[in-house]
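Structure record follows, encoded as structure tokens.
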Amino acid sequence: MFAEVIIDQEAKATDRVFEYSIPTGLNVQEGMRVRLPFGKRIVQGFIIKLKEDANFEKDKIKPIIATIDDFPCIKKEMLELMQFMAKKNHLTLASILRLFITSEMREGKVKPLYKSYYSLAENKEYVLTKTARKQQEIINYLKNRNELVSADELVNFGYSSLKSLLDKGIIIKENIKKYRQPFTISAESKKIVLNFDQKNALKEINGDETYLLHGVTGSGKTEVYMHLIERVLLENKNAIMLVPEISLTPQIMSNFKSRFGNLVALLHSGLSAGERYDEWNRLFDGEARIAIGARSAIFAPLEDLGIIIIDEEHEASYTSESNPRYNTHDIALFRARYNKCPLVLGSATPSIESYEKAKNGEYKLIELPVRVNGKEMPKIQIVDMMNEIRMGNSGIFSSQLLADLTSVINNKKQAMIFLNRRGYSSFMRCRDCGYIAKCEDCDVSLVYHKEDQRLKCHYCGKQFKVLTRCPKCGSESIKKGAVGTQQVVEKLKEYFSDVKILRMDNDTTTTKNSHQKILEEFKNSLPAILVGTQMIAKGHDFENVVLVGIVDADQSLYHSDYRSSERTFQLITQVAGRAGRSEYEGKVVLQTYAPKHYVYKFASNYDYKGFFRKEENIRQTSLFPPFTRIIRILFSSHDENYVRETLKVCYNEIVKLKENFHDAFVYLDAMKSPIKRIQDKFRYQIMMRLKMQYADLIEDEVFKIINKLSKENVYFEINPQNLS
Ligand code: ADP
Ligand code: ZN
Ligand code: ZN
Numbered sequence: 009m010f011a012e013v014i015i016d017q018e019a020k021a022t023d024r025v026f027e028y029s030i031p032t033g034l035n036v037q038e039g040m041r042v043r044l045p046f047g048k049r050i051v052q053g054f055i056i057k058l059k060e061d062a063n064f065e066k067d068k069i070k071p072i073i074a075t076i077d078d079f080p081c082i083k084k085e086m087l088e089l090m091q092f093m094a095k096k097n098h099l100t101l102a103s104i105l106r107l108f109i110t111s112e113m114r115e116g117k118v119k120p121l122y123k124s125y126y127s128l129a130e131n132k133e134y135v136l137t138k139t140a141r142k143q144q145e146i147i148n149y150l151k152n153r154n155e156l157v158s159a160d161e162l163v164n165f166g167y168s169s170l171k172s173l174l175d176k177g178i179i180i181k182e183n184i185k186k187y188r189q190p191f192t193i194s195a196e197s198k199k200i201v202l203n204f205d206q207k208n209a210l211k212e213i214n215g216d217e218t219y220l221l222h223g224v225t226g227s228g229k230t231e232v233y234m235h236l237i238e239r240v241l242l243e244n245k246n247a248i249m250l251v252p253e254i255s256l257t258p259q260i261m262s263n264f265k266s267r268f269g270n271l272v273a274l275l276h277s278g279l280s281a282g283e284r285y286d287e288w289n290r291l292f293d294g295e296a297r298i299a300i301g302a303r304s305a306i307f308a309p310l311e312d313l314g315i316i317i318i319d320e321e322h323e324a325s326y327t328s329e330s331n332p333r334y335n336t337h338d339i340a341l342f343r344a345r346y347n348k349c350p351l352v353l354g355s356a357t358p359s360i361e362s363y364e365k366a367k368n369g370e371y372k373l374i375e376l377p378v379r380v381n382g383k384e385m386p387k388i389q390i391v392d393m394m395n396e397i398r399m400g401n402s403g404i405f406s407s408q409l410l411a412d413l414t415s416v417i418n419n420k421k422q423a424m425i426f427l428n429r430r431g432y433s434s435f436m437r438c439r440d441c442g443y444i445a446k447c448e449d450c451d452v453s454l455v456y457h458k459e460d461q462r463l464k465c466h467y468c469g470k471q472f473k474v475l476t477r478c479p480k481c482g483s484e485s486i487k488k489g490a491v492g493t494q495q496v497v498e499k500l501k502e503y504f505s506d507v508k509i510l511r512m513d514n515d516t517t518t519t520k521n522s523h524q525k526i527l528e529e530f531k532n533s534l535p536a537i538l539v540g541t542q543m544i545a546k547g548h549d550f551e552n553v554v555l556v557g558i559v560d561a562d563q564s565l566y567h568s569d570y571r572s573s574e575r576t577f578q579l580i581t582q583v584a585g586r587a588g589r590s591e592y593e594g595k596v597v598l599q600t601y602a603p604k605h606y607v608y609k610f611a612s613n614y615d616y617k618g619f620f621r622k623e624e625n626i627r628q629t630s631l632f633p634p635f636t637r638i639i640r641i642l643f644s645s646h647d648e649n650y651v652r653e654t655l656k657v658c659y660n661e662i663v664k665l666k667e668n669f670h671d672a673f674v675y676l677d678a679m680k681s682p683i684k685r686i687q688d689k690f691r692y693q694i695m696m697r698l699k700m701q702y703a704d705l706i707e708d709e710v711f712k713i714i715n716k717l718s719k720e721n722v723y724f725e726i727n728p729q730n731l732s
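Residue numbering for the sequence shown follows my numbering, starting at 9 and increasing by one per position.
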């Protein structure tokens, strides 16, 4: 027998499949971790395939030394997923492996996944000394329980007593690898009676299809997810629920924890390595049966999946933009099909791609059209900021927003002010010569942070001295760019000096529990204003929020990106959804310089379908996804000449390809990337748009071309979320 093995090391030379022989008598299975000779060293590897014959010269093949565990660490489904991803995303197996198991496991620190259980030995005669009170207590306890009792339950009696009973053979220990926790709904969690639409959703989601759950904000989607998961647990199956990193708020976690207790394992970037390792093991072990987390939780080591849920399915963060690149939806679909279970995509503002699929019947559309509280959606008032300027108001806030804020505060309620730009102002520029302070390593302007008197690069994090005088012409007349969250807070404090004003953005949430603290403080303060970036847009459910102000709605509208209208629509809908979630009526003030833009018309009427039809039409006529496929090949390196040369070689080959498949290309060009340098790496790109009927074919061909190049510094992206 022979084995195909991947060596678990980051080095490029080992990033391929190796063959080893299996010594007779060694019990191996696919997916097991093994020790191997590699060059002069002994290393760890994973068996990905067993086979009768080898391709390599047999007398040169070395034998595996030993297995590390006696169970496969990568299960069959994941081995198949590995092959799928390798093909679909053009990734190496070793890089995929790193997504599947935690780094702690790969470094060989894995502990056996067993749990100890104790019971009384049958018909064992014994005499205990009088002083062995603790031992007697253990015996009584086990007698009363009359079943296997886990080590956790007995630890209070003290380990030494346990051990001496074991040594005397009075009790016996069994190691059981897998066990299921009985499923009970915790008493503290409120039991909710589903409304008609929610019940209908539950009824409809019963096959192994993909379901698009389109529910307005506050329509009770989360409650539907919980009921679906409950059902899955009762069928003795397991569940994965993905949420965007940004909405992994303490609120959602405690909701699920209080309903499902220890059956929930959380996987997210805020965990320490040890915590992640434990959560991973609890899932692998079957102790936890619901994996909740950001995109990487799609690789949760659960078998027998009964459902996969992707909440806020339109979120860009579901596409991994660092290597290895993958799209979470593809992987979720693979796993759902493998397990023959439903895949549920939930959103108040589905992506145009997903809604198009629902329209074509590829997904099944399920709607939650009204809020559970029976209230109308909060009214969105559009304020024309040009008009404000004409009226002599050149400040951040329109007179309408100020008036509404004042009334919120007088009524001792709460407001949220949304602005997707952190810092104090977006740039610093010399008024006399036009010099702009830029990062040394990135081709972007620096953001002014007034609190710590620094200019910061939001791409690489580098900090610089504040510009007080122009280094080029010496002028001291410095202009500050567009308003950021710091400035909004500063100005609000001028208007409302004795009101609690909090800020939540990347700068205020750097420590572990800062997120939670800010939200707690906000929740407990009346009146209060919370200023924030898109961190405040999702998931929060505060009953006293009656006003949402959107300071600069146009901000995401003018990116040269085919998704910018879609993003703006989504953002407005999400933020607006924070207001009026309880019995109090909510209102939204949306400030814009382009009040007639179609995005605002549809968003202010909560007309998703109208927006979809308009956007679909635009994409269809201008030939953008989902009606074409965009491929970007990004080249990035410290060596600009090298980048240009590689790009040229690659581009020439693609031009040849285009000559053969003329009809396939809507667009093909090579250029500098919009941001020409990040972290001192020069960036160039080849962009193409392909007609859908040729897209798979050309994608494969393009990848063959890339594979001939050195893969370092080359990034292949399909319908990228970010075109900078
Ligand atoms: P969404 O995720 O669609 O924005 P949520 O699931 O967060 O909405 O629900 C909003 C609020 O309504 C939550 O506090 C939730 O507990 C509550 N809720 C959900 N369904 C019901 C229901 N059927 N009856 C009463 N309250 C409900
Ligand atoms: Zn100057
Ligand atoms: Zn930088």
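Here a beta-carbon is modelled for each residue, glycine too, at the ideal position from N, C-alpha and C.
Around the C-beta of R586, 16 or more other C-beta atoms lie within 10 Å, and the residue is accordingly described as buried.
Per DSSP, the beta-bridge partners of G223 are L376. Three or more pairs of CB atoms, one per stretch, sit closer than 8 Å, so the segment 549 to 561 contacts the segment 595 to 604.
DSSP, read as helix, strand or coil, puts N289 in helix. The criterion of a C-beta distance shorter than 8 Å is not satisfied by I315 and I417. Taking C-beta atoms as the reference points, F435 and A423 fail to come closer than 8 Å. Cβ contact annotation for V240 (same chain, cutoff 6 Å, sequence separation greater than five): A247, G314 and I315, in chain order.
The beta carbon of G301 sits closer than 7 Å to the beta carbons of L250, L274, L275 and H276 from its chain, once the five residues preceding and following it are set aside; these are given in chain order. With distances taken between CA atoms, P332 lies nearest to R106 out of R106, Y692, V13 and T139. In this structure, Q471 has its CB at a distance of at least 7 Å from all heavy atoms of ligand 3.
Close CB contacts of D549 within its chain, under the 7 Å cut and outside five residues either way in sequence, are with Q259 and R589 (chain order). The shortest CA-to-CA distance from I306 to any of Y326, A545 and R290 is the one to Y326.
Per the coordinates, the alpha-carbon of K211 lies some 50 Å from the alpha-carbon of E27. For ligand 2, a non-hydrogen atom lies closer than 7 Å to the CB of S483.
The segment 664 to 679 and the segment 699 to 709 touch, with no fewer than 3 CB-CB distances between them shorter than 8 Å. Nearest in C-alpha terms to R439, of all of E502, I486 and K420, is I486. The C-beta of S158 has fewer than 16 other C-beta atoms within 10 Å across all chains shown, which makes the residue exposed. Three or more Cβ pairs closer than 8 Å define a contact, and the segment 63 to 82 meets that threshold against the segment 41 to 49.
Between Q206 and L373, the C-beta spacing is not below 8 Å.
In this model, V663 and V657 are separated by some 10 Å (Cα to Cα).
Remark: the C-beta of I200 is in contact range of ligand 1, defined as less than 7 Å to any heavy atom.
Only residues of its own chain outside the window of five on either side were considered, and among them C450, D451, V452, Y467, R691 and S732 have a CB closer than 8 Å to the CB of I683, listed in chain order.
Counting the other CB atoms within 10 Å of its CB gives R141 a total below 16, which places it among the exposed residues. At least one heavy atom of ligand 2 is found less than 7 Å from the C-beta of D440. Under the 10 Å beta carbon count, K546 is surrounded by 16 or more other beta carbons and is classified as buried. Per DSSP, the continuous beta strand (DSSP E) segment holding T600 begins and ends at K595 to T600. When the five nearest sequence neighbours on each side are left out, the beta carbons in the same chain lying within less than 6 Å of the beta carbon of I694 are those of I641, Y659 and A678, in order along the chain. When DSSP reads this structure, E12 sits in a beta bridge with E27 and K57. Shortest Cα-Cα distance from G482 to any of G442, A340 and G489 involves G442. Taking a contact as a CB-CB distance under 8 Å, the pair L271 and A296 counts as one, their CB atoms being some 6 Å apart. For K446, the Cβ stays outside the 7 Å cut-off from all heavy atoms of ligand 2.
The C-beta separation of I55 from A11 comes to about 5 Å, placing the pair in contact by the 8 Å criterion. Counting the other CB atoms within 10 Å of its CB gives G400 a total below 16, which places it among the exposed residues. With contacts defined as CB atoms closer than 8 Å, I726 and R652 fail to qualify as a contacting pair. Contact annotation: E709 and L676 have beta-carbon atoms that are not nearer than 8 Å. Secondary structure of S325 (DSSP, three-state): helix.
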